[in-house]
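*Asks:* Numbering (this note's numbering), first residue to last: 165 to 359.
1) Find out if the Cβ-Cβ distance for the pair residue 210, residue 201 is shorter than 8 Å.
2) Start and end of the alpha helix (DSSP H) containing residue 340?
3) For residue 177, count neighbouring C-beta atoms within 10 Å of its own C-beta (all shown protein chains included) and say buried if the count is 16 or more, exposed if not.
4) So does the segment 212–223 actually touch the segment 173–187, counting three or more Cβ pairs closer than 8 Å?
5) Just verifying my parser: in three-state terms, what is the DSSP assignment at residue 221?
6) Sorted by chain position, which residues of the same chain lie with C-beta nearer than 6 Å to residue 350's C-beta, five sequence neighbours on each side aside?
7) To the nearest whole angstrom, what separates the beta carbons of residue 303 and residue 332, a pair I think is in contact under 8 Å?
8) When you compare only the Cα positions, how much space is there between residue 183 and residue 222?
9) Look at residue 323 and residue 233 and say whether their C-beta atoms are less than 8 Å apart.
10) Is residue 320 near residue 306, with beta carbons less than 8 Å apart?
11) For residue 299, which residues from the same chain have a beta carbon less than 8 Å from its beta carbon, with the 5 sequence-adjacent residues on both sides left out?
12) Please report the residue range of the alpha helix (DSSP H) in which residue 322 lies.
13) For the alpha helix (DSSP H) containing residue 355, name the first residue and the last one.
14) Assign residue 347 to buried or exposed, taking buried as 16 or more other Cβ atoms, counted over all protein chains shown, within 10 Å of its Cβ.
15) Look up residue 240 in the DSSP assignment and say whether it is helix, strand or coil.
16) Closer than 7 Å to a non-hydrogen atom of the ligand NAD - does that hold for the CB of residue 339?
17) Can you tell me whether DSSP reads residue 232 as helix, strand or coil?
18) Pick out whichever of 175, 230 and 172 has its Cα sitting closest to the Cα of residue 316.
19) Verify whether the separation of the beta carbon atoms of residue 352 and residue 295 is less than 8 Å.
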């Protein structure tokens, strides 16, 4: 009986620690999942898979390192596995163990006025969204994480697994590509004037 109580206390402690540490990153991960998938339902699925895997491997996370970057890497790998490689089945996870946790923190953590709502609520015109989608993935990723999500270069570098200088270079090139693609759009709306 005491072993079961100790196990339950240990599980509860692990659950609380994970919730305390990971839940604050849910909105930014959801926003990025929405950008990657282009669909809210798929973004929900991707976010859920990400948190399930993160919870499952919580004991492998090295405390004191960048949790947000670790979660982004899990999301990126999950996305690749779920949506890019022949639509294979994702690894099986014990959903019963964390389903209640996911529903709990999703309800508490998602702000209906978050950035994703603003973006997909009409903040960006179709031309801008189309231009973003037309960027090569490496460039689109850094511009979304930096200019839309507001992540610092260091976190982006950890997420994309490259030096900060490469992040800066990709960001500069992505902005130039967008500038070129959106020149006529900006001119039509009066953002660019001819001298």
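The beta carbon of each residue, even a glycine, is placed where N, CA and C say it ideally should be.
*Replies:* Judging by the given coordinates:
1) Against the chain shown, residue 210 aligns to sequence position 46. Against the chain shown, residue 201 aligns to sequence position 37. The answer is yes: Cβ separation under 8 Å.
2) The count along the chain shown starts at 1 and reaches residue 340 at position 176. Counting along the chain, the alpha helix (DSSP H) containing residue 340 begins and ends at 328–345.
3) The residue you call residue 177 lines up with position 13 of the chain shown. Exposed, since its Cβ has fewer than 16 Cβ neighbours within 10 Å.
4) Yes, they touch.
5) Within the chain shown, residue 221 is the residue found at index 57, counting from 1. Three-state result, residue 221: coil.
6) The residue labelled residue 350 in the question sits at position 186 within the chain shown. Hits under 6 Å: 356.
7) Within the chain shown, residue 303 is the residue found at index 139, counting from 1. Within the chain shown, residue 332 is the residue found at index 168, counting from 1. About 12 Å; that fails the 8 Å criterion.
8) On the chain shown, position 19 is the one that residue 183 refers to. On the chain shown, position 58 is the one that residue 222 refers to. Rounded to whole angstroms, residue 183 to residue 222 spans 11 Å at the Cα level.
9) Here residue 323 refers to the residue found at position 159 of the chain shown. Here residue 233 refers to the residue found at position 69 of the chain shown. Yes.
10) In the chain shown, the residue the question calls residue 320 occupies position 156. In the chain shown, the residue the question calls residue 306 occupies position 142. In contact: residue 320 and residue 306 (Cβ atoms closer than 8 Å).
11) Taking the first residue of the chain shown as 1, we reach residue 299 at position 135. If we look at residue 299 and ignore the five residues flanking it on each side, its Cβ neighbours are 307, 338, 341 and 342.
12) Locating residue 322 in the chain shown gives position 158, counting from the first residue. Where residue 322 is concerned, the enclosing alpha helix (DSSP H) stretches over 317–324.
13) Start at 1 with the first residue of the chain shown, and residue 355 comes out as number 191. Element bounds for residue 355: n/a, residue is neither H nor E.
14) Here the question's residue 347 lines up with position 183 in the chain shown. Its Cβ having fewer than 16 others within 10 Å, residue 347 is exposed.
15) Within the chain shown, residue 240 is the residue found at index 76, counting from 1. Residue 240: helix per DSSP, three-state reduction.
16) Questions concerning the ligand NAD fall outside what the structure shown contains, since it holds no ligand whatsoever.
17) Counted from its first residue, the chain shown places residue 232 at position 68. If DSSP states are grouped into helix, strand and coil, residue 232 belongs with the helices.
18) By one-based count along the chain shown, residue 316 stands at place 152. The residue with the shortest Cα to Cα distance from residue 316 is 230.
19) For the purposes of this step, residue 352 is taken as the residue at position 188 of the chain shown. For the purposes of this step, residue 295 is taken as the residue at position 131 of the chain shown. Going by C-beta atoms, residue 352 is not nearer than 8 Å to residue 295.
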